[in-house]
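K.L.:
Numbering (my numbering), first residue to last: 484 to 784.
1. Taking three-plus beta-carbon pairs below 8 Å as touching, is the region 673-680 in contact with the region 557-570?
2. On the three-state DSSP scale, how would you describe residue 581?
3. So, with DSSP's three-state summary, where would you put residue 523?
4. Please return the same chain residues whose Cβ sits closer than 6 Å to the Cβ of residue 716, not counting the five positions on each side in sequence.
5. How long is the line joining the alpha carbons of residue 737 and residue 667, rounded to whole angstroms?
6. So, using beta-carbon positions, are residue 709 and residue 610 closer together than 8 Å?
7. Per the DSSP calculation, residue 533 is bridged to which residue(s)?
8. Let me make sure I understand the geometry here. Which of 552, 584, 750, 539 has the alpha-carbon closest to that of residue 639?
9. Between which two residues does the alpha helix (DSSP H) containing residue 769 stretch?
10. When we look at the beta-carbon of residue 670 and count the other beta-carbons within 10 Å, is it buried (16 or more) or exposed?
11. Who are the near neighbours of residue 742 in its chain, counting only those whose CB is closer than 7 Å to its CB and skipping five residues on each side?
12. Got a sec? Which residues, its chain only, sit under 6 Å from residue 773 by beta carbon, not counting five neighbours each side?
13. Would DSSP call residue 633 helix, strand or coil?
14. So, helix, strand or coil for residue 618, using DSSP?
15. Going by other Cβ atoms of all chains shown within 10 Å of its Cβ, with 16 needed for buried, is residue 496 buried or exposed?
16. Could you give the distance in angstroms between the alpha-carbon of residue 746 and the alpha-carbon of residue 522?
17. Could you tell me the alpha carbon to alpha carbon distance between residue 588 and residue 527, rounded to whole angstroms?
18. Pull up the distance between the alpha-carbon of residue 499 and that of residue 513, whole angstroms please.
19. If I'm right that residue 452 touches residue 555 with Cβ under 8 Å, what's the distance once you round it to whole angstroms?
20. Assuming residue 567 and residue 699 form a contact by the criterion Cβ under 8 Å, report the distance between their Cβ atoms to the nearest whole angstrom.
21. Apart from the five residues on each side of it in sequence, which residues of its chain come closer than 8 Å, Cβ to Cβ, to residue 577?
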């Protein structure tokens, strides 16, 4: 029996060896290297020069750090709840579809495969203040649309609406969770006189709270690392001066500029570790609060 266990253990390690090698070379190694570089002045070409904690002290003196972080937090606060609510509504609609449900699931998920660069270009086409499709549609109903790409108050809401294009992954997760809710719970609630809204609040939400918590964590982390759409729309074109760059200066965009535009690799590494700590703190807070709201089957509470 011991020999079988040893052979199974060796086989298990062989199966996970590619992941371990990839993690060491592509994740753990670069993280360690960036941590070391965060204490240096390095331009990517010449030798490194140790500067101690100067890069971290500069984070507190650089106004662009606060601006980009605030833009990112506002974007996250707008996008995450809206995307989760819309995805849940679409999943509940799909749950009622009996014929052709596979087709509709595919249709909702296909935008996830759209390259983020294309989504950034789509933003400029849809939300152009003069000839954009969105403002043309608003004019048709007698509403004057805002200047989505030049008015700082509307840049982030416009980007949020654009990123909602690719919420199919969240829809699929919610649909799977909804299908696992026991029907007898709805029947019991109906016998107790509960209406649709009461059943939704007291049966549906608690039963899918695990999926809601998972997507909350994943969407929050993804939103805090937003880069491609904003960079493509506001920094990847030849006429960037036309746009409100400060409103679209997200944290990872600023990090990218410091690393690959100004070649401040050491400072960019410090920026990346600050973002890591922010994501870690937010995730820990969400995990702590989840103990009050997330229900797991078999939970004794």
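Don't be surprised by glycine CBs; every beta carbon is placed ideally from N, CA and C. Predicted model only: the values in this text are computed from it and were never measured.
P.N.:
The answer reads as follows:
1. The region 673-680, when compared against the region 557-570, does not touch it at the 8 Å Cβ threshold.
2. Of the three classes helix, strand and coil, the one that applies to residue 581 here is coil, per DSSP.
3. Looking at residue 523 - three-state DSSP - the assignment turns out to be strand.
4. Answer for residue 716: 603, 606, 607, listed in chain order.
5. C-alpha of residue 737 to C-alpha of residue 667: approximately 52 Å in a straight line.
6. Contact flag unset, no.
7. Answer is 523.
8. Of the residues 552, 584, 750, 539, the one whose Cα lies closest to the Cα of residue 639 is 552.
9. Boundaries of the alpha helix (DSSP H) harbouring residue 769: 748-776, taken from the DSSP string.
10. With fewer than 16 other Cβ atoms within 10 Å, it is exposed.
11. Excluding positions up to five away in sequence, the list reads 748, 751.
12. The residues are 696.
13. DSSP places residue 633 in coil when its eight states are reduced to three.
14. Reduced to three states, the DSSP call for residue 618 is helix.
15. Classification of residue 496: exposed, given that the 10 Å Cβ count is below 16.
16. Going by the C-alpha atoms only, they are around 15 Å apart.
17. Take the alpha-carbon of residue 588 and the one of residue 527: they are about 46 Å apart.
18. Distance between the alpha carbons of residue 499 and residue 513: 20 Å.
19. In the structure as shown, the chain starts at 484 and stops at 784, and residue 452 therefore has no counterpart that could be examined.
20. Rounded, the Cβ-Cβ distance is 7 Å, consistent with contact.
21. Counting only Cβ-Cβ distances below 8 Å, and skipping sequence neighbours, we find 584, 587, 588, 591, 654, 658.
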